Amino acid sequence: MSDAEMNRKFIEMMEFMQKQMAEQAKKHEETIAVLTKAVAEKSQIDGSLGTSSGLTVSQSQLMNDIGGRISVFQFDLETEKTFSKWYARYSTAFTEEGKGLDDKNRVALLVSKLSEEVYEQYSRRICPKLHHEVDFKDTVDILKEMFDIKKSLFSHRFACINIARDGDSPVEYTNKVNSLCELAMLKDIDPDGWKVFFWLRGLDPTQDTKARAYFLKYVERKTELGEKVNINELCTEWQKIQSQTSAVSEMEKSDTAVRAVYAKRPSNQKQNSSKNTAKHESSQGERCWNCGKSGHKKPECFQPLTKCFKCQKSGHMSSFCKAKKSSSYKKTQNVAIVGGASSEDAEVNSVRQYVSVDVNSESVEFQLDTVSDITLIGREDWTRIGKPDLEKCTSKVKSASGNELKLLGRAF
1 MSDAEMNRKF
11 IEMMEFMQKQ
21 MAEQAKKHEE
31 TIAVLTKAVA
41 EKSQIDGSLG
51 TSSGLTVSQS
61 QLMNDIGGRI
71 SVFQFDLETE
81 KTFSKWYARY
91 STAFTEEGKG
101 LDDKNRVALL
111 VSKLSEEVYE
121 QYSRRICPKL
131 HHEVDFKDTV
141 DILKEMFDIK
151 KSLFSHRFAC
161 INIARDGDSP
171 VEYTNKVNSL
181 CELAMLKDID
191 PDGWKVFFWL
201 RGLDPTQDTK
211 ARAYFLKYVE
221 RKTELGEKVN
231 INELCTEWQK
241 IQSQTSAVSE
251 MEKSDTAVRA
261 VYAKRPSNQK
271 QNSSKNTAKH
281 ESSQGERCWN
291 CGKSGHKKPE
301 CFQPLTKCFK
311 CQKSGHMSSF
321 CKAKKSSSYK
331 KTQNVAIVGG
341 ASSEDAEVNS
351 VRQYVSVDVN
361 SESVEFQLDT
371 VSDITLIGRE
381 DWTRIGKPDL
391 EKCTSKVKSA
401 SGNELKLLGR
411 AF
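Dropping the structure here:
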C-alpha cells in the first residue's frame with residue numbers, strides 16, 4: 001500500500017471518530033437537559049406538597065457554593081482590616097446571591113466566616129443569646145460596631161495633612177492619597193470650614209489638650225446636625241469655658257474654708273513665755289480664784305465653788321491651781337481653726353463651764369470639755385492671736401448637732 005493511500009485511510013478514520021464523538025456529546029447534553037428538567041419538576045412538586053427536604057438540600061447547596069467564595073474575616077487593627085471593609089467586599093454574596101437563603105441560614109453563613117477570635121468576642125457580646133437568635137441585619141450592625149476603627153471626620157482630615165509615601169510604590173501611594181482624601185470629605189469643606197480646620201490644628205498639643213478634645217467634639221456634633229461652624233463661634237465658646245473655669249476655681253477656694261493645726265506654740269511665743277507667766281501671776285493676785293473676776297477675793301465670792309479640772313479640787317479655777325500637772329496632760333490636743341460655723345453650731349449650753357487661756361499674749365475663752373479630742377477656735381480668735389501658720393488637715397469634725405464643720409487648718 002502506497003503512502004498516499006495510507007494517509008487517505010487515516011484521514012477517513014479520524015473523521016469517523018470525530019463524528020462519533022460529536023454524536024455522543026450531543027446525546028450527553030440531551031441526557032443532562034432531561035435530568036435537569038426532571039429535578040426541577042420534582043422540586044416544584046415537593047414545594048407544592050409542603051415538603052422541606054428539597055428546600056433543605058437547595059439551601060445547604062447554596063450555602064456551600066457561596067461559602068466557598070468568601071474568605072474568613074480576621075480583625076487586624078494595625079493593618080486596618082475591619083469588618084466594614086470585609087463586608088463591603090462580600091455583601092452581594094449575602095444579599096444578592098444568597099437571596100434564596102432564609103434569615104437563619106444567612107446568619108449561619110456569616111458566622112461561619114468569622115475567625116475563632118472574632119466569633120469568641122461576638123458570642124460574649126450577645127450573651128445570653130445565641131448567634132441564631134439574632135437576625136442578619138442586627139448581626140451585621142453589631143459586628144460593624146465591634147470590629148471597626150472609629151475615627152472622626154477631623155481625624156481623617158488631619159491624616160490628609162500628614163500624608164507621606166513611606167516607601168510605598170507609586171500605585172500604593174496614589175491609592176493611599178485617594179482613599180484618605182475621600183474619607184476626609186474634602187469636597188464638602190467651604191472657606192469657613194477650612195478656617196475651623198486650621199484653628200483646631202493650631203491649638204497647642206500640650207497646653208490645649210482638653211480644649212482641643214472639647215472643640216473636636218463640639219464641631220463634630222454641629223456637623224452631624226448639619227449646622228455650620230465658624231471660628232468666631234469657637235472663640236466665644238472658649239471664652240465661656242474660661243469664665244466658667246474661673247468661677248469654679250473661686251468656689252473651690254471658698255469651700256476650703258479651713259485648715260487645722262497642732263496646738264504648738266511658735267518659737268517667738270517661747271521667748272515671751274517667762275514674761276507672760278510673770279504677768280499672769282501678777283494678775284492672779286487681783287482676781288477671784290473661784291470665779292476669775294476682778295474686784296473681790298475668793299472669801300467674798302458669792303458664786304458656787306468652782307471645781308479645778310487639773311487637781312479635781314473645789315474652790316479655785318484651773319488657771320489659779322498650784323498643783324503640778326498630771327503626766328496624762330502633757331500631750332496637747334489638736335487645735336483647729338473654724339471658719340464659717342453656723343449660729344446653730346456655735347450655740348452652747350449656758351450651764352457649761354469656760355476657762356480663759358493666754359495664747360500668744362491674748363486671752364482666749366475655751367469651753368471646758370474633758371472628753372473632746374480636739375480644741376477649736378473661731379476665725380476671729382485666730383486673727384486676734386496673730387494668725388499663726390497653718391498646715392493642711394484631712395480630719396473631719398462634726399458639731400453636737402451632727403453638722404460637719406469646715407476647718408481652715410491645724411496650728412503647728
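Under the UniProt record's numbering, the first residue of the sequence shown carries the number 1, and numbering increases by one thereafter.
All residues carry an ideal CB built from backbone N, CA and C; glycine is no exception.
This one's a predicted model, so the numbers in the text were calculated from it and none came from an experiment.
Which same chain residues end up closer than 8 angstroms to residue i when comparing Cβ atoms and leaving out the 5 residues on each side of it in sequence?
i	result
D208	none
E404	K396, V397 and K398
L180	H156, A159, C160 and I163
I241	A211 and Y214
Which stretch, first to last residue, makes up the beta strand (DSSP E) that contains residue i?
i	result
Q367	E362 to Q367
I377	I374 to G378
L408	L407 to A411
Do residue i and residue j have their CB atoms nearer than 9 angstroms?
i	j	result
S356	S314	no
L143	L101	no
residue 414	V140	The requested residue 414 does not occur in the structure, where the chain is confined to residues 1 to 412.
G409	K392	yes
V196	V219	yes
L110	F75	no
Residues in its own chain within less than 7 angstroms of residue i by CB, not counting five upstream and five downstream?
i	result
K288	Reading off the sequence, residue 288 comes out as Cys, not Lys. These residues qualify, in order along the chain: H296, K297, K298 and C301.
A323	K310 and C311
Q121	M146
Y90	I70
K228	D192
Q303	N290 and C291
E97	I66
What's the C-alpha gap between residue i and residue j?
i	j	result
N105	E145	22 angstroms
V359	S249	34 angstroms
K26	N7	29 angstroms
T306	V364	19 angstroms
G193	P388	58 angstroms
H28	V171	49 angstroms
Q18	L35	26 angstroms
N232	Q239	11 angstroms
L376	M251	24 angstroms
G67	V134	20 angstroms
V107	R124	17 angstroms
K99	D166	43 angstroms
S246	R221	26 angstroms
E80	E182	16 angstroms
T394	H132	57 angstroms
K293	A411	30 angstroms
N230	F198	11 angstroms
Y87	D188	26 angstroms
Tell me the residue span of the alpha helix (DSSP H) that contains residue i.
i	result
A93	F83 to T95
N105	D103 to S112
S179	P170 to L183
Please go through the same chain and pick out, in chain order, the residues whose beta-carbon is closer than 6 angstroms to the beta-carbon of residue i, but skip the five residues on each side of it.
i	result
C308	H316, S318 and C321
A184	H156, R157 and C160
So residue i packs on residue j, CB below 8 angstroms; how close in whole Å?
i	j	result
S84	D148	5 angstroms
L216	L200	7 angstroms
E362	R379	Rounded, the Cβ-Cβ distance is 14 angstroms, inconsistent with contact.
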